[in-house]
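If you want our numbering, it's the 1-based position in the sequence shown plus 16.
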Amino acid sequence: MPHSPNQPTPEHSSNPSHSYLSGLFDAYQGEVYGIVMYERISSSRPCAEERAKWKVLVDLEKTTKAVLTPIMKQYGLSTKSLPTSITDGWQDAGQYLHLSWKSLMKRFSDELNTDIITYQNLLVQCPSGDQKAITYLVDHEYATKAFCDMELANTPSGVSLQPVYDLIASADQVFLTGKSE
Numbered sequence: 017m018p019h020s021p022n023q024p025t026p027e028h029s030s031n032p033s034h035s036y037l038s039g040l041f042d043a044y045q046g047e048v049y050g051i052v053m054y055e056r057i058s059s060s061r062p063c064a065e066e067r068a069k070w071k072v073l074v075d076l077e078k079t080t081k082a083v084l085t086p087i088m089k090q091y092g093l094s095t096k097s098l099p100t101s102i103t104d105g106w107q108d109a110g111q112y113l114h115l116s117w118k119s120l121m122k123r124f125s126d127e128l129n130t131d132i133i134t135y136q137n138l139l140v141q142c143p144s145g146d147q148k149a150i151t152y153l154v155d156h157e158y159a160t161k162a163f164c165d166m167e168l169a170n171t172p173s174g175v176s177l178q179p180v181y182d183l184i185a186s187a188d189q190v191f192l193t194g195k196s197e
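Below you can see the structure in the form of structure tokens.
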């Protein structure tokens, strides 16, 4: 499972900052956006194996959204999918539909760096009670990037998807079934 390097010490405030809450809301809507985008990319891929891989990434986006949902609700933030998140995800997917598999993996690997930095900054701001969920948010970007990088290195599918499978399994055990580590 990927780990966020140099995990910051979160604020210990029970009153999160406006900046944190805004970033949390944006991250949640980013998962909505990602689900729509990844579903469109998946359905457009010409090869069944590629479609199946993207469906696993869709599952990761859905799982990450589910991990964030309780803290969204805790702060009274809406968990409604914004129409703009859905529309933007659909429209932005269009720029990837013509790409070869290698070009798609390279582009996503490169673009994920921005999301990783954004979510690491959110982790710095998060109250201690949110640390596990926000760490998961960061790690889901690392897992997706690891998948893309292994695909670029021609790693077999079962191996390239392993970080994603492992992270989904950890959410099932820690967040979604109420068990602790």
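The C-beta atom is built at its ideal place from N, Cα and C for all residues, glycine as well. Note that the structure is a prediction, hence the values are computed from the model and not measured.
Exercise. From Gly-92 to Ile-102, what distance separates their C-alpha atoms?
Worked result: Here the question's residue 92 lines up with position 76 in the sequence shown. Here the question's residue 102 lines up with position 86 in the sequence shown. When only Cα atoms are considered, Gly-92 and Ile-102 end up about 21 Å apart.
Exercise. Cβ of Gly-50 within 8 Å of Cβ of Leu-138?
Worked result: Your numbering for residue 50 matches position 34 in the sequence shown. Your numbering for residue 138 matches position 122 in the sequence shown. No, Cβ-Cβ distance for Gly-50 and Leu-138 is not below 8 Å.
Exercise. Is the stretch 79 to 93 touching the stretch 141 to 160 in the sense that three or more CB pairs, one from each, lie closer than 8 Å?
Worked result: Put simply, the stretch 141 to 160 touches the stretch 79 to 93. At least three CB pairs are less than 8 Å apart.
For this session: Apply the 10 Å Cβ neighbour rule to Pro-62 and answer buried if 16 or more other Cβ atoms are within range, or exposed otherwise.
Result: Counted from its first residue, the sequence shown places residue 62 at position 46. Pro-62 is exposed by the Cβ-count criterion.
Exercise. What is the C-beta distance between Lys-69 and Ser-186, in whole angstroms, given that I count them as a contact (C-beta under 8 Å)?
Worked result: Counting from 1 along the sequence shown, the entry for residue 69 is found at position 53. Counting from 1 along the sequence shown, the entry for residue 186 is found at position 170. Taking C-beta atoms under 8 Å as the contact rule, Lys-69 and Ser-186 fail to qualify, at a distance of about 20 Å.
Exercise. Who are the near neighbours of Leu-98 in its chain, counting only those whose CB is closer than 8 Å to its CB and skipping five residues on each side?
Worked result: Taking the first residue of the sequence shown as position 1, residue 98 is located at position 82. Taken in chain order, the residues that qualify are Gln-45 and Val-48.
For this session: Count the other C-beta atoms from every protein chain shown that fall within 10 angstroms of the C-beta of His-201, then say buried if there are 16 or more, exposed otherwise.
Result: In this structure the chain extends from 17 to 197, so residue 201 is not present and cannot be described.
For this session: Quick one: give me the first and last residue of the alpha helix (DSSP H) that Lys-71 is part of.
Result: The residue given as residue 71 occupies position 55 in the sequence shown. Run containing Lys-71: 64 to 90, per the alpha helix (DSSP H) assignment.
Exercise. Between Met-53 and Ala-159, what straight-line distance do the alpha-carbon atoms span, to the nearest angstrom?
Worked result: On the sequence shown, position 37 is the one that residue 53 refers to. On the sequence shown, position 143 is the one that residue 159 refers to. Whole-angstrom Cα-Cα distance: 17 Å.
Exercise. For Asp-42, which option in Lys-118, Thr-95 and Asp-188 has the closest C-alpha, if you only look at C-alpha atoms?
Worked result: Taking the sequence shown and counting its residues from 1, the one referred to as residue 42 is at position 26. The candidate whose alpha carbon is nearest that of Asp-42 is Thr-95.
Exercise. Ordered along the chain, which non-local residues of its own chain (more than five positions away) have a Cβ less than 7 Å from that of Val-154?
Worked result: Walking along the sequence shown from the start, residue 154 turns up at place 138. The residues Ser-20, Ile-132, Tyr-135, Gln-136 and Leu-139, in chain order, have a CB closer than 7 Å to that of Val-154 in the same chain once the five nearest residues on each side in sequence are set aside.
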